[in-house]
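Per full-length UniProt numbering: the sequence shown = residues 1 to 204. C-beta atoms are modelled at their ideal positions from N, C-alpha and C, and glycine is treated no differently. Report on one structure; see the data block that follows.
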Amino acid sequence: MTLLTQSEQQQVADAIDRIERDTDAELVTVLAEQADDYHYIPLLWAGLIALVVPGAALFFTAAMSAWQLLLVQWATFIVLALLFRFPSLTTRLIPRPVRHWRACNLARRQFIELNLHHTEGGTGILIFVSEAERYVEILVDRGISSRIDNSAWEAIVANFTEQVHDGQVLEGFLGCIEACGSLLKQHVPATHARNQLPNRLVMI
């Protein structure tokens, strides 16, 4: 993981502060190390593979007793359950739709927990990143979605996702904030000074 340093977090906060001078939008950024601990994944895969072991063992040798098969099965389960707990392996065992579903759920929880749905005029916007899942999403409240079509965010999200995949999280945040700022300045321009939500990067 390349979670940002204090200095890098400040760069994100400064970028948010700059664009909020020109828009009524309230921008919040969240960076999660991962969307779930996935504790059940190593056990699930180890169990599935262990179930196949007796059949495979009997296919290659018929000389094993029931007790020997049971011991081999249990040994397989224990070894794989421990091996699959290594983060680099665990991530590879999780289907992409599952990883994105968990990250998507976390993004929506953060939108609510950070009160982005309670801003004046419904102008909350969340830039959410879950690094382990290589997942990026931009969520906006009704005051922004009524003025900017959701398709406008797709290219920004796609570019940021590629940067997260390459480990360029800070660059991705700064570029994404700048791109969002250009859209927001045009469609949700500043009408009066306000800052209802903190500009700091939220790390979870």
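- In the DSSP assignment, L126 falls within the beta strand (DSSP E) that extends over G124 to S130.
- Beta-bridge partners assigned by DSSP to P189: T23.
- In the DSSP annotation of this structure, the continuous segment of the beta strand (DSSP E) that includes I138 starts and ends at Y135 to V140.
- Residue state for A35 is assigned as coil, using DSSP reduced to three classes.
- Note on Q163: 16 or more other CB atoms within 10 angstroms of its CB, so buried under the neighbour-count rule.
- At least 8 Å separates the beta-carbon of D22 from that of G172.
- In the structure shown, L44 adopts helical secondary structure according to DSSP, grouped into three states.
- T29 is bridged by DSSP to I127 and L201.
- Sequence-distant partners of A25 (beyond 5 residues in either direction) whose C-beta falls short of 7 Å from its own C-beta, in its chain, are T123, I125, I144, L184 and V188.
- Judged by beta-carbon spacing, L31 lies within the 8 Å limit of M203, meaning their Cβ atoms are closer than that value.
- The DSSP-derived three-state label of E113 is helix.
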